[in-house]
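Chains as they are written, first to last, in the numbering used here: chain A, 1 to 255; chain B, 1001 to 1255; chain C, 2001 to 2255; chain D, 3001 to 3255. Before any comments, here is the structure.
Number of protein chains: 4
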Amino acid sequence: MEKIRADSFILVYRDRRRKWLVRPSETPKLHTHLGILDCASLVGKDFGVRVNTTMNDELMILKPTLEDIVMKFSRKTQVIYPKDIGMIIIKCGIHSGSRVFEAGTGSGAATAALAYSVAPEGHVYSYDINEEFQAGAKKNLERFGLSEHVTLKTKDAKLGVDERELDAALLDMGDPWELVKPVKEAMAPSAMLAGICPTMNQAERLVQTLHDEGFVATETLELIARNIEARPGMTRPSMFMVAHTAYLIFGRKMG
Amino acid sequence: MEKIRADSFILVYRDRRRKWLVRPSETPKLHTHLGILDCASLVGKDFGVRVNTTMNDELMILKPTLEDIVMKFSRKTQVIYPKDIGMIIIKCGIHSGSRVFEAGTGSGAATAALAYSVAPEGHVYSYDINEEFQAGAKKNLERFGLSEHVTLKTKDAKLGVDERELDAALLDMGDPWELVKPVKEAMAPSAMLAGICPTMNQAERLVQTLHDEGFVATETLELIARNIEARPGMTRPSMFMVAHTAYLIFGRKMG
Amino acid sequence: MEKIRADSFILVYRDRRRKWLVRPSETPKLHTHLGILDCASLVGKDFGVRVNTTMNDELMILKPTLEDIVMKFSRKTQVIYPKDIGMIIIKCGIHSGSRVFEAGTGSGAATAALAYSVAPEGHVYSYDINEEFQAGAKKNLERFGLSEHVTLKTKDAKLGVDERELDAALLDMGDPWELVKPVKEAMAPSAMLAGICPTMNQAERLVQTLHDEGFVATETLELIARNIEARPGMTRPSMFMVAHTAYLIFGRKMG
Amino acid sequence: MEKIRADSFILVYRDRRRKWLVRPSETPKLHTHLGILDCASLVGKDFGVRVNTTMNDELMILKPTLEDIVMKFSRKTQVIYPKDIGMIIIKCGIHSGSRVFEAGTGSGAATAALAYSVAPEGHVYSYDINEEFQAGAKKNLERFGLSEHVTLKTKDAKLGVDERELDAALLDMGDPWELVKPVKEAMAPSAMLAGICPTMNQAERLVQTLHDEGFVATETLELIARNIEARPGMTRPSMFMVAHTAYLIFGRKMG
Chain A
1 MEKIRADSFI
11 LVYRDRRRKW
21 LVRPSETPKL
31 HTHLGILDCA
41 SLVGKDFGVR
51 VNTTMNDELM
61 ILKPTLEDIV
71 MKFSRKTQVI
81 YPKDIGMIII
91 KCGIHSGSRV
101 FEAGTGSGAA
111 TAALAYSVAP
121 EGHVYSYDIN
131 EEFQAGAKKN
141 LERFGLSEHV
151 TLKTKDAKLG
161 VDERELDAAL
171 LDMGDPWELV
181 KPVKEAMAPS
191 AMLAGICPTM
201 NQAERLVQTL
211 HDEGFVATET
221 LELIARNIEA
231 RPGMTRPSMF
241 MVAHTAYLIF
251 GRKMG
Chain B
1001 MEKIRADSFI
1011 LVYRDRRRKW
1021 LVRPSETPKL
1031 HTHLGILDCA
1041 SLVGKDFGVR
1051 VNTTMNDELM
1061 ILKPTLEDIV
1071 MKFSRKTQVI
1081 YPKDIGMIII
1091 KCGIHSGSRV
1101 FEAGTGSGAA
1111 TAALAYSVAP
1121 EGHVYSYDIN
1131 EEFQAGAKKN
1141 LERFGLSEHV
1151 TLKTKDAKLG
1161 VDERELDAAL
1171 LDMGDPWELV
1181 KPVKEAMAPS
1191 AMLAGICPTM
1201 NQAERLVQTL
1211 HDEGFVATET
1221 LELIARNIEA
1231 RPGMTRPSMF
1241 MVAHTAYLIF
1251 GRKMG
Chain C
2001 MEKIRADSFI
2011 LVYRDRRRKW
2021 LVRPSETPKL
2031 HTHLGILDCA
2041 SLVGKDFGVR
2051 VNTTMNDELM
2061 ILKPTLEDIV
2071 MKFSRKTQVI
2081 YPKDIGMIII
2091 KCGIHSGSRV
2101 FEAGTGSGAA
2111 TAALAYSVAP
2121 EGHVYSYDIN
2131 EEFQAGAKKN
2141 LERFGLSEHV
2151 TLKTKDAKLG
2161 VDERELDAAL
2171 LDMGDPWELV
2181 KPVKEAMAPS
2191 AMLAGICPTM
2201 NQAERLVQTL
2211 HDEGFVATET
2221 LELIARNIEA
2231 RPGMTRPSMF
2241 MVAHTAYLIF
2251 GRKMG
Chain D
3001 MEKIRADSFI
3011 LVYRDRRRKW
3021 LVRPSETPKL
3031 HTHLGILDCA
3041 SLVGKDFGVR
3051 VNTTMNDELM
3061 ILKPTLEDIV
3071 MKFSRKTQVI
3081 YPKDIGMIII
3091 KCGIHSGSRV
3101 FEAGTGSGAA
3111 TAALAYSVAP
3121 EGHVYSYDIN
3131 EEFQAGAKKN
3141 LERFGLSEHV
3151 TLKTKDAKLG
3161 VDERELDAAL
3171 LDMGDPWELV
3181 KPVKEAMAPS
3191 AMLAGICPTM
3201 NQAERLVQTL
3211 HDEGFVATET
3221 LELIARNIEA
3231 RPGMTRPSMF
3241 MVAHTAYLIF
3251 GRKMG
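Printed below as a string of structure tokens:
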């Protein structure tokens, strides 16, 4: 059974809004408004335990999931939501061994999810012209042990993509239509291109460009995640929700 | 570059409704209402080519994705939709190396998606009391080369689960609350349990049972996939859609 | 208590898909695949009775609602859905006494709903350049006793609207932005304009034109009607649904 | 053209979040964080004008719609949303002359919308056992000139409804199933009953009771209102929204 180590990431969980992602080595004492948690004392214990703060408030010690990690990435850039990256991974058939292209890297959140999915045998090539973003993404990927599966390039993919015969491509840019041509060159025949577009206008233009470049089986969809409050005799959808993240566009390259 | 072999699966694609998943070795000539396609002649060619039928109708030759394969599994049982299995894979953090429990196997569609995600290093343990379903699933998994990553058991998981320290568990049964206790025993501390429930009443009862059994961070949600018709100057959501598949329930085991 | 007359409209109802809107005077015998119903014999009876066909199948005799009537209007043109017209009526504050402009008339379905809402003291002015549509709408409105509350004009509203000081305006055209200027002239200060646009592009352009013409408090929304199958212990959203009808755009005229 | 009077309600509008519903006679000076508005000076002017505050900030003077009024009713109780009341009015065929039952009155928001729709010839009978709610509703209805179309009864409808041959009935209670029997007695044959239920469980139980009491053509649905940000070249659904208000249940009484 996996024990907590000093350098393990642990998710200290109270409820959906109060949770902390820490490492005992970095945060021996976690100060919260619910009291102080002695993280150092967790080393050698199992995940899944309940512990008390100095104020005698109970917290749960969980092993962070991919979602817990990815949602903590810097939010200076657009976030990728689990629903969206899950759909992309399934529709592109991304799995261990896949070689995947990404533009742009942003905070590295989607990069991390892709890296996690292609490991240990595959690889992610992620381009971004923004040096600051790439530095942040590099740090995040290293911190969570995912950097060996990723090559980050501070480079404008519009000017060309170095790789060839890639299994899938993810475009998360404001003007993804500008990248279709160079990215197509880098993709294996029949491979899937996925685009993430917040606006209808972007989706429309990306699909049009995909058609112009001979892509087939194009599809545009939107995933709406609706939270449900499941309580005995009082079950109902939550009153508020994230109503829109982005449209997902898919298309397959012809040879 | 990967070439089509006699035993390769190929997706013969015309549009979203007219597509065929075949192997040249099994279907040397594919008879469609658009004419006959000489599949045998495709051997040695690349994926991503356009070919003509005897009636001179153009078809696209694609390499099938996980979705193309899974959606072709026998539909005697409830289908798993890409949006749902993608979300489950992300939220449970399933990736190469994960050891995952599933009940019930059904057509094996979700089993295949899980196997695909845990390969090459992980494993799926899938229980179903229905012998006929398991035989069908076995055939499907073998046919698509995924059976080495799966152990199928014709067994009632309510009576106990043989495995221990599993990384995730997926319950796709009519009465998933009956399985929470035995499945909990089989899960590693902090691991995620996911349930798929078509009705609100099932979701409500499963969540209640999870709470009773000490699971934390429970969450119930529904993913609504909305297709968009992205056409220049005429972009709009599709008029009809699959409005509901199932509620997804998540919860994490405490030690 | 209201009795069925020979010229009453009656809704013969079996289930959501099998229902007939008839008049005993026009259809003394209603032939259905469930047998023949003697409608003439219903005269003098109450609504809300159960009757048998010649094949001994039970049918319900209901008094048609506005929805039953409007949904039976000719469907050569775009249908207005109850959810959409209900929202428009509330947001525009249409009620007895309101004077309302409409372009275009189409089948007259929305016209009928507006007429029903403004009666007995208000009036609807409905323009359409298509003579055939207007003839059909006229027939429908007369048939259901609503024509006295409507003035139909076979006229292009782009060239000017004759009325002044109207309380609300409904634009149900392919190019509603072309009408904003002339319709604005016809509206009372502070009155609400409502547009019905199937595509995002139309909605975008209409809103832009409203802003250009000084309209304020603009709002664009979409109503999604989700049917629920409410059954003891098995409640869930319906599997299929009408996923999109139109965007609704609102804006208020400034003086 | 209608002029602003001292006792007119005016909507002082800046944007969707900053708006005030006032009367010059009651609020000669409106103090806002954008400065002071001299409402008294508006008397005799038209609606639809732009005015400046003492801080030289521009505000719009609009004639309030039904929605503007209803959304300002006290919010101690559940609010009725325009989408929901609009659908109810259409599906029940409520219009001038309709005689409508309502339980419970709550803040009187739905009562006001119903009164507005049945005026001048119809009437609303609204029951509530809560004296405080009824007093508040009475005040609101009087304030907005709608009280002559409404009879409020501080009474438990479960114990019986005094009226007969009503055209429609609206149940907005926590336990609407308890009222089906007495309300049925008060309805005309073939009339529509509408229920508003926040939870799935309530909807399920109400539909079951309607069936038990012989109601036909039952329907359960949910209206989801999705706001769209329509901006040139950047059109997209709003990021956040009210995800759920209530399920709407309909059924028609048989004789």
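Where a beta carbon is used, it is the ideal one built from N, C-alpha and C, also for glycine.
Ranked by Cα distance from V3043(D), the options E3102(D), P3024(D), K3072(D) and S3147(D) are led by P3024(D). Along the stretch 1212-1246 of chain B, there is no position whose C-beta sits under 8 Å from a C-beta of chain D. Within a 10 Å sphere around the beta-carbon of P3232(D) sit fewer than 16 other beta-carbons, which makes this residue exposed. Per DSSP, reduced to three states, the secondary structure at G136(A) is helical. Inclusion of L1066(B) and F1047(B) in the CB contact set at 8 Å is not warranted, their separation being larger than that value.
When 7 Å is used as the limit between beta carbons, M1200(B) is near these residues of chain D: M3200, in chain order.
Leaving aside the five residues that flank N1056(B) on each side, the residues in its chain whose CB is nearer than 8 Å to its CB run, in chain order, G1035. Within the DSSP bridge table, the entry for I2196(C) names L2248(C) as partners. Secondary structure remark: continuous beta strand (DSSP E) runs of at least 3 residues inside the stretch 3068-3145 of chain D, in chain order: 3099-3103 and 3123-3128. For the set K1181(B), G1251(B), S1190(B) and M1234(B), the Cα lying nearest the Cα of A1203(B) is the one of G1251(B). Listed along chain A, the residues sitting closer than 8 Å to A1119(B) by beta-carbon distance are H95 and S96. Burial state of R2236(C) is buried, judged by a 10 Å Cβ sphere holding 16 or more other Cβ atoms. Around the CB of N1140(B), 16 or more other CB atoms lie within 10 Å, so the residue is classed as buried. Looking at the backbone, the Cα of E2121(C) and that of I3089(D) are separated by about 18 Å. Around the beta carbon of E1222(B), 16 or more other beta carbons sit within 10 angstroms, so the residue counts as buried.
The alpha carbon of L3206(D) has as its nearest neighbour, out of V3216(D), S3190(D), M3234(D) and D3175(D), the alpha carbon of D3175(D). Taken in chain order, the unbroken stretches of beta strand (DSSP E) that lie wholly in the stretch 21-68 of chain A and span 3 residues or more are 29-32, 35-38, 49-52 and 58-62.
Between I1228(B) and the set F1215(B), V1242(B), E1142(B) and Y1125(B), the nearest pair of CA atoms involves V1242(B).
Shown here, T3209(D) sits in a helix according to DSSP, grouped into three states. Contact of T3209(D) with chain C by beta-carbon distance below 8 Å is absent, the smallest such distance being about 11 Å. Counting every other CB atom within 10 Å of its CB across the protein chains shown gives K253(A) a total of 16 or more, marking it as buried.
DSSP places V2150(C) outside any alpha helix (DSSP H); the residue lies instead in the beta strand (DSSP E), whose first and last residues are V2150 to T2154. Per DSSP, the unbroken beta strand (DSSP E) holding E2229(C) starts and ends at V2216 to E2229. Each of T1032(B), K1019(B), S1107(B) and K1158(B) was checked against the Cα of G1136(B), and the nearest Cα belongs to S1107(B). The beta carbons of P1182(B) and G1160(B) sit closer together than 8 Å. Annotated three-state conformation of K2003(C) is strand, per DSSP.
Closer than 8 Å to the CB of K2158(C) there is not a single CB belonging to chain D. Around the beta carbon of R1017(B), fewer than 16 other beta carbons lie within 10 angstroms, which makes this residue exposed.
Here A2169(C) is bridged, per DSSP, to F2101(C) and L2193(C).
Rounded to whole angstroms, the gap between the alpha carbons of L3114(D) and G3086(D) is 10 Å. With a 10 Å radius around the Cβ and a threshold of 16 neighbouring Cβ atoms, T1151(B) comes out exposed. Inter-residue distance for A112(A) and M1187(B) is about 25 Å (C-alpha atoms, whole angstroms). Near chain C, meaning a CB-to-CB distance below 7 Å, the residues of the stretch 3038-3052 of chain D are D3046, F3047, G3048, V3049 and R3050.
In the three-state reduction of the DSSP assignment, K253(A) falls in the coil class, being assigned neither a helical nor a strand state. Under the DSSP assignment, V183(A) falls in the alpha helix (DSSP H) whose first and last residues are V180 to A186. Cβ-Cβ distances below 8 Å link E1178(B) to K1158 in the same chain, with the five nearest sequence neighbours on each side left out; the list follows chain order.
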